[in-house]
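Below is one structure, written out as structure tokens; the observations come after it.
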Amino acid sequence: MRLELHAISKSFGPVKAVQNISFDLMEGEVHAICGENGAGKSTLMNILSGNLSPDSGEIRMEGSMVNFKNQMDANVHGIAIVYQHLSLFDNQNVAENIFVNRFPETRSGFINYTLLYQETAILLQKLGVDHLFQPQTKVSELSAGQKQMVEIAKALSQNPSVLILDEPTASISGNDAQTLFRIIVGLKAGGTSIIYISHRLDEIFEIADRVTVLKDGKWVGVFKMEVLTRESLIAMMIGREIKKMARNSNVGKEVVLEVRGLSNQKIRDISFKIYQGEILALAGLVGAGRTEIAKTIFGAMRKQAGEIRVKNRVVDINSPADAVKYKIAFVPEERKALGLFAGMSIAENINSVNFNDEQPFFTNSTEVVKRAETYKEKLRIVSHSVRQPVAALSGGNQQKVVLAKWLSTNPDLLIIDEPTHGIDIGAKFEIYEMIQKLAVEGMSILLISSELQEVLAISDRILVVKDGMIQKELKTADTSEEEILKWAM
1 MRLELHAISK
11 SFGPVKAVQN
21 ISFDLMEGEV
31 HAICGENGAG
41 KSTLMNILSG
51 NLSPDSGEIR
61 MEGSMVNFKN
71 QMDANVHGIA
81 IVYQHLSLFD
91 NQNVAENIFV
101 NRFPETRSGF
111 INYTLLYQET
121 AILLQKLGVD
131 HLFQPQTKVS
141 ELSAGQKQMV
151 EIAKALSQNP
161 SVLILDEPTA
171 SISGNDAQTL
181 FRIIVGLKAG
191 GTSIIYISHR
201 LDEIFEIADR
211 VTVLKDGKWV
221 GVFKMEVLTR
231 ESLIAMMIGR
241 EIKKMARNSN
251 VGKEVVLEVR
261 GLSNQKIRDI
271 SFKIYQGEIL
281 ALAGLVGAGR
291 TEIAKTIFGA
301 MRKQAGEIRV
311 KNRVVDINSP
321 ADAVKYKIAF
331 VPEERKALGL
341 FAGMSIAENI
351 NSVNFNDEQP
361 FFTNSTEVVK
371 RAETYKEKLR
381 IVSHSVRQPV
391 AALSGGNQQK
401 VVLAKWLSTN
411 PDLLIIDEPT
421 HGIDIGAKFE
431 IYEMIQKLAV
441 EGMSILLISS
451 ELQEVLAISD
461 RILVVKDGMI
471 QKELKTADTS
481 EEEILKWAM
């Protein structure tokens, strides 16, 4: 056995993060770890990678007991981890990032760039990505998916026997994901053991040999993938069965938003309508121009041509403030960077879009707290108080806070970009239910999602975007993942 964990436990004060977890990993195996946010996955991986010490239990590598002092010590023992959030230097090239702090030197003590580039080229060739970029390529010139491959190359440059991949496809396109899967297959064939963490269940079923399920810090079980279905895995992760979502469509006749010939440097001749109570999805590959369409409508990007009509009235939207005035709201994909004030409370975040000169930003007035409490209950935000910092919340609850902030403006049109990005399966279904409820109540939704099952589950119509243009309009009830991909590619 390559790696074994026996009865691992770790607490933070009164919180039991993981309790009596046992786990094993075979040579050349892809072993998935599944569970909702808060299930204990991150704590367990931080213990494995040397960032945390367990309170009890033992770890064995190749049958010998080990005790990692830190991440460097874990690396020495053959364990490397690639985190979801990348740690690359954009102003350095690929080779400098891969061998940072471990540069080969000349006899004079200078960096031996000839050897550095040779070793990097061998590594990129081994991974099968040498045709995508070169050792001398600046990291700032790479796509998100290519940066992820550099991170993997950086981890593999230490010749680990165990590679931990934490949400490796969270921010990359479908093509880059397939390249990543080919890399994983090659590593597996070479004997490298891989621990794979992802909220995307389709990936788990595609590449994993076995899966260990965690819930609330406890071990649920380990299973071979061939004995599971998507539904049975979800049920074990969240402790209940999720029924197939019923579509309660309530599309009205009033056109809430119409764009005609909308164009700028990123999008061309975009024209469509959204009706009252309709969920209209923008589907397509990462980088197709979907977010740019949304930002242009919201005034976060300038339009160079075309017009925007709100309820049959031509409007001039030059900034997000203009969009809010016309009752348009926008929940961005990058909630932590663009949607939240991490150091502030739930109440301050929910009310932030309503503050003005008469009502100072930093306030705990009765009105502010009451509004926050209303949305906390309405959206089922899990926290001990609305004065709790949003940084302490799970990803799903942070997304609900962003949603609450914009719902507090009482919009007619809600634009929501990747609503379930990086959140667990249970929270995903809660978000789906909320979006559908808002539409049934009469709100129009412009949905952007890279998850086709998500698009098919909750939308009424789909616009497929490619190269900054709308390629095809599809009725959700009459289409499939295959047809959407055909037009997207």
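Yeah, the sequence shown ends on 489 if you go by full-length UniProt numbering, and it's all consecutive. Beta carbons: idealized from backbone N, C-alpha and C, even for Gly. Source: prediction; values computed, not measured.
Residue i: which of the options sits nearest, CA to CA?
i	options	result
residue 491	E62, E4, S87	A question about residue 491 goes unanswered here, because the residues of the chain that appear run from 1 up to 489.
H77	R2, T476, I462	R2
N410	K327, E473, H384, I462	K327
L156	N97, I308, T114	N97
E307	L280, A288, G284, R268	R268
D216	K311, E483, M236	M236
L379	G63, D316, A121, E430	E430
S408	E483, N349, S365	N349
I435	Q265, V314, F133, E278	E278
V222	A144, T229, T212, R230	T212
Rounded to a whole number of angstroms, what is the C-alpha to C-alpha distance between residue i and residue j?
i	j	result
Q136	N93	5 Å
I470	I462	10 Å
F298	L446	11 Å
G468	L456	22 Å
K303	S394	36 Å
G287	N175	12 Å
E258	G191	55 Å
E483	A321	38 Å
K295	A323	10 Å
N70	F341	32 Å
F12	A74	22 Å
L165	Q178	15 Å
N46	E141	31 Å
V220	A39	10 Å
L452	D202	11 Å
A388	L474	For the record, residue 388 in the displayed sequence is Gln; it is not Ala. When rounded, the distance between both Cα atoms is 43 Å.
Q158	A329	47 Å
P14	T114	54 Å
L282	V440	19 Å
When the distance is taken between beta carbons, is residue j closer than 8 Å to residue i?
i	j	result
E418	E481	no
T476	D460	yes
S444	I274	yes
G284	S271	no
A347	V386	yes
L413	L438	no
G35	L214	yes
L88	S193	no
V315	M344	no
V382	K311	no
K188	G289	no
V162	I238	no
W406	V353	yes
A144	I172	yes
Rounded to the nearest angstrom, how far is the Cβ of residue i from that of residue j, given a contact under 8 Å?
i	j	result
A372	N351	7 Å
V139	D90	5 Å
P168	V100	20 Å between Cβ atoms; not a contact.
V402	V331	5 Å
I293	V464	Contact flag wrong, Cβ pair sits at about 12 Å.
Looking only at its own chain, which residues have a Cβ that is under 8 Å from the Cβ of residue i, when we skip the five neighbours before and after it?
i	result
S9	K16, V18, Q19, N20, I21, P54, D55, S56, G57
L127	M149, I152, A153, L156, I183, G186
A208	V30, H31, A32, Y196, M225
G442	N250, G252, Q276, G277
Q146	V129, L132, F133, D176
E254	Y275, Q276, K311
Kindly list the residues whose CB is nearer than 6 Å to the CB of residue i, restricted to its own chain and excluding five residues on each side of it in sequence; keep chain order.
i	result
L485	none
F362	Any reading at F362 is ruled out, since the residue's pLDDT is 48, under 50, leaving its predicted position unreliable.
R200	none
H6	S22, G57, E58
T420	K428, I431
F181	I207
A392	none
V66	I59, H77
What residues in its chain sit with their C-beta under 7 Å from that of residue i, if we drop five residues either side in the sequence?
i	result
F103	I111, L116
I242	Below a pLDDT of 50, predicted positions are generally treated as unreliable, and I242, at 48, falls in that range; no measurement from the model is reported.
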